Amino acid sequence: MKEPKFKSSLFSRAAIGMAVASLVLAACGAAPTAAPTAAPTAKPADPTKPAATAAPAEPTKPAAPPATAAPAAAPTAAPAAAPANSGNIIIGGFDVGPGGFPERFDNFNAGAGHYAFEFYLSKLVRYCDTTLSKMCGDLAEKWEVSADGKTVTFFLRDAKWHDGTKVTADDVAFTIARQLDKGVGRYSGNFAALTGAADYAAGKTDKLAALTVVDAKTLKIALDKPNPPLLDTLSFIGIIQKKQWEKVAPADFPKSDIWKNGIIGSGPFIFSKYVPGQYVEFLPFADYYGGKPKVDKLINRFFPEAGTALIALQKGEIDFTYVTIDELDKVKGNADLKVIEGPSLVGQSMYFNQRIKAFDNPKVRQAVMYAIDRDTIIKTLWKGTAAPSNCFFSPAGPYNFKDSNPYKYDPVKAKALLKEAGVDPASLGELQFLTYYGDQLTKDMLAVIAEQLGAVGFKIKLRFTDTPTFNTEFYNADPKWALAWVGAGNGPEPDNVYTSHHSSEQWPKGININPIINADLDKLLDAGRTEGDPAKRTEIYQNVCKLSNELVLRAYMLESTRYGAASKKLNNFIYTPSPGGGRYLAYPEKWTK
Numbered sequence: 023m024k025e026p027k028f029k030s031s032l033f034s035r036a037a038i039g040m041a042v043a044s045l046v047l048a049a050c051g052a053a054p055t056a057a058p059t060a061a062p063t064a065k066p067a068d069p070t071k072p073a074a075t076a077a078p079a080e081p082t083k084p085a086a087p088p089a090t091a092a093p094a095a096a097p098t099a100a101p102a103a104a105p106a107n108s109g110n111i112i113i114g115g116f117d118v119g120p121g122g123f124p125e126r127f128d129n130f131n132a133g134a135g136h137y138a139f140e141f142y143l144s145k146l147v148r149y150c151d152t153t154l155s156k157m158c159g160d161l162a163e164k165w166e167v168s169a170d171g172k173t174v175t176f177f178l179r180d181a182k183w184h185d186g187t188k189v190t191a192d193d194v195a196f197t198i199a200r201q202l203d204k205g206v207g208r209y210s211g212n213f214a215a216l217t218g219a220a221d222y223a224a225g226k227t228d229k230l231a232a233l234t235v236v237d238a239k240t241l242k243i244a245l246d247k248p249n250p251p252l253l254d255t256l257s258f259i260g261i262i263q264k265k266q267w268e269k270v271a272p273a274d275f276p277k278s279d280i281w282k283n284g285i286i287g288s289g290p291f292i293f294s295k296y297v298p299g300q301y302v303e304f305l306p307f308a309d310y311y312g313g314k315p316k317v318d319k320l321i322n323r324f325f326p327e328a329g330t331a332l333i334a335l336q337k338g339e340i341d342f343t344y345v346t347i348d349e350l351d352k353v354k355g356n357a358d359l360k361v362i363e364g365p366s367l368v369g370q371s372m373y374f375n376q377r378i379k380a381f382d383n384p385k386v387r388q389a390v391m392y393a394i395d396r397d398t399i400i401k402t403l404w405k406g407t408a409a410p411s412n413c414f415f416s417p418a419g420p421y422n423f424k425d426s427n428p429y430k431y432d433p434v435k436a437k438a439l440l441k442e443a444g445v446d447p448a449s450l451g452e453l454q455f456l457t458y459y460g461d462q463l464t465k466d467m468l469a470v471i472a473e474q475l476g477a478v479g480f481k482i483k484l485r486f487t488d489t490p491t492f493n494t495e496f497y498n499a500d501p502k503w504a505l506a507w508v509g510a511g512n513g514p515e516p517d518n519v520y521t522s523h524h525s526s527e528q529w530p531k532g533i534n535i536n537p538i539i540n541a542d543l544d545k546l547l548d549a550g551r552t553e554g555d556p557a558k559r560t561e562i563y564q565n566v567c568k569l570s571n572e573l574v575l576r577a578y579m580l581e582s583t584r585y586g587a588a589s590k591k592l593n594n595f596i597y598t599p600s601p602g603g604g605r606y607l608a609y610p611e612k613w614t615k
């Protein structure tokens, strides 16, 4: 098949080379050890094994007296100038790019933004480092798993809230139970394996049977079946203070002002001040269990798009930001900046609105795949910094089905499949193709895709929106979009596919928005959620990939490398462009400049 001719100059970009960069930055460019005084002992991510798991040793306690109260983070009505980048402060565009969650502070509904959340909200557990390969304790000092894999006991370290009170097992139990309350957050389906979860979620009881507070520092979690994804699930959830939140009705959680006004956390920094449209200011917490942070302030600045943030970085106004491939050469040519490269583990795909009858037909979805020349798109637009995806899982990971159909560009076959399906694309009228991605590369790519779909008869109208508008239109009981371009964080845990692909997780209960409804897929996803044998579990998810690829449940397109850029003045700075940002120990209390 000959390469297509494109009308525009979209495929004439200058080549962008790959740069291998350290994920840990030092002042002189060397990679220092950024671990706390006592380094974490890695723990296996699978909580179904009947062995006690060692946790990080207790770091050196800070000498400073404990904080007595968390400052109220009062929003400022009038726009305020961003703080000057001078003195002992670090300023970053930590919510810039697809891993960010700008000016959204509801952690329980966060699809991204975890890097900034973890400045002030501790988790029970997090990944040990940027490889996302092993799990370590955060508030948990250690945990033990019963022989049958159905009881996990967490032992908490000595930690304090920002108001000076102790973090207790009651706080952790309260946080977990809230995930199952109707209307609170997006992770309810992830906790379905907890004993009594269904009755609690249905309102049949006000006590979640799974949770037993043994004492102030010990929590037992009972499971109906072994649940390998449990630790990964817990790494999404910021632990909140029961005293601050217990009088907030579950339905009021998502829009509660507490998230951005005086929230009490237990992380290394205190959420001090939020200036809408500008920044959040974080102050060091003197009694943080890992030691008082070394900077006087940490600032998270907001930017309308990545290019503006990069200009601020080049001017020295900020110390870090996400960088698009379009802008990468500007960073590489700047002697004061360091490129940070890593696998995104985010699959970019096209969602089909299967409420539209034509898109409920797998032959039509297969035709869409054959109509798109993604190999040329990756080679020419992405300059080889992306790889084609077969399914939800990373193409380089163990769950990818290696013999998947690659859907090589074949518009003739696309037209034949449409004819077999009895669908004339022109009869569908103008189809809205929605996305929240606003970078130039994505705009160019989707313009090419729209052109190629047009060549087989579809009429496509591209719509680029900001994230709030996208969320309103995308997560809708009666969506008007026909196609949507979305990035989904795969991460290391394959069960993350459950809430977007299982039929029980249809919107608004879960985030299966298409919706995808397939009994065979449901059986595989249910089996993978409880299978404790790693080899059998891998086979299950490879079959999930195979089925997804055959039926084109989404038009799974590609997974790219992503980039950040940081000032070389930063010391001990840890970052990788992980899916959704964060969920790994970055030790911001150790950062200096």
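Quick note, this note's numbering runs 22 ahead of the 1-based positions in the sequence shown.
Glycine is no exception: its CB is placed at the ideal position from the N, C-alpha and C atoms.
Fair warning: this is a prediction, and the values are worked out from it, not measured in the lab.
Check                                                                                                                                                               : Outcome
Sort Thr457, Phe258, Ser525 and Trp503 by Cα distance to Gly451 and report the nearest one.                                                                         : Trp503
Beta-carbon within less than 6 Å of Val566's beta-carbon, same chain only, minus the 5 sequence neighbours each way: which residues are those?                      : Leu546
Are the beta-carbon atoms of Arg559 and Pro290 separated by less than 8 Å?                                                                                          : no
What's the C-alpha gap between Lys269 and Tyr222?                                                                                                                   : 18 Å
For the segment 226-297, list the alpha helix (DSSP H) runs that are entirely contained and at least 4 residues long, ordered along the chain.                      : 252-256 and 264-267
Please list, in chain order, all residues of the same chain as Ser589 whose beta carbon is under 6 Å from its beta carbon, the five residues on each side excluded. : Asp341
On the DSSP letters alone, give me the boundaries of the alpha helix (DSSP H) that Thr521 sits inside.                                                              : Tyr520 to His523
Go to Cys567, then tell me how far its alpha helix (DSSP H) extends in each direction, as first and last residue.                                                   : Pro556 to Leu573
Compute the Euclidean distance between the alpha carbons of Leu164 and Lys156, then round it to the nearest angstrom.                                               : Looking at the sequence shown, residue 164 is not Leu but Lys. Their backbone Cα atoms lie some 14 Å apart in a straight line.
Kindly indicate the opening and closing residues of the alpha helix (DSSP H) around Leu543.                                                                         : Ala541 to Thr552
Thr330 lies in the beta strand (DSSP E); which residues open and close that run?                                                                                    : Premise fails: Thr330 lies in the alpha helix (DSSP H), Ala328 to Gln336, not in any beta strand (DSSP E).
Can you tell me whether Ala106 is helix, strand or coil according to DSSP?                                                                                          : coil
From Ile113 to Thr402, what does the alpha carbon distance come to, in whole angstroms?                                                                             : 35 Å
Report all residues from its chain with a CB closer than 7 Å to the CB of Thr346; omit the five preceding and five following residues, and keep chain order.        : Ala328, Asp461 and Leu463
Under a three-way DSSP split, which group does Leu450 fall into?                                                                                                    : helix
Here's the rule I'm using: 16 or more other beta-carbon atoms within 10 Å means buried, otherwise exposed. How should Ala224 be labelled?                           : exposed
Look up Gln388 in the DSSP assignment and say whether it is helix, strand or coil.                                                                                  : helix
Whole alpha helix (DSSP H) runs in the segment 348-415 with 4 or more residues, listed along the chain?                                                             : 350-354, 384-393 and 396-402
Any idea what DSSP makes of Ala510, helix, strand or coil?                                                                                                          : strand
Note the first and the last residue of the continuous beta strand (DSSP E) segment covering Leu484.                                                                 : Lys481 to Phe486
What residues in its chain sit with their C-beta under 8 Å from that of Val478, if we drop five residues either side in the sequence?                               : Ala389, Ala393, Pro433, Ala436, Lys437, Leu440 and Pro447
Can you give me the Cβ contacts of Gln376 inside the same chain, cut-off strictly under 7 Å, excluding the 5 residues immediately before and after it?              : Asp382, Asn536 and Pro537
Please identify the residue among Thr614, Gly511 and Ala104 whose C-alpha is closest to the C-alpha of Glu339.                                                      : Ala104
Quick one: is Val470 buried, meaning 16 or more other Cβ sit within 10 Å of its Cβ, or exposed?                                                                     : buried
Closer than 6 Å by C-beta to Phe275: which residues in its own chain qualify, once you throw out the five before and the five after it? Chain order, please.        : Val206
Grab me the residues of Val317's own chain with a C-beta within less than 8 Å of its C-beta, minus the 5 sequence neighbours each way, in chain order.              : Asn110, Ile111, Ile112, Pro306, Trp613, Thr614 and Lys615
Between the Cα of Ile539 and those of Leu453, Ala191 and Leu569, spot the shortest distance and give me the residue it belongs to.                                  : Leu569
Within a Cβ cutoff of 7 Å, which residues of the same chain sit near Ile399, ignoring the five residues on either side of it in sequence?                           : Met467 and Val470
In three-state terms, what does DSSP make of Thr197?                                                                                                                : helix
For the alpha helix (DSSP H) that Lys441 lies in, which residues bound it at each end?                                                                              : Pro433 to Ala443
Taking Ala181 as the reference, which of Val386, Pro601, Lys229 and Ser144 has the closest Cα?                                                                      : Ser144
Quick check: Leu513 and Tyr137, are their CB atoms within less than 8 Å of each other?                                                                              : At residue 513 the sequence reads Gly, which differs from the Leu that was named. Not in contact: Gly513 and Tyr137 (Cβ atoms no closer than 8 Å).
Mapping the DSSP letters down to three states, classify Val206 as helix, strand or coil.                                                                            : coil
Report the three-state DSSP secondary structure of Phe139 (helix, strand or coil).                                                                                  : helix
Report the three-state DSSP secondary structure of Pro306 (helix, strand or coil).                                                                                  : strand
Taking the continuous beta strand (DSSP E) assigned at Gly133, which residues delimit it?                                                                           : Segment: none, Gly133 is in no beta strand (DSSP E) and carries neither H nor E.
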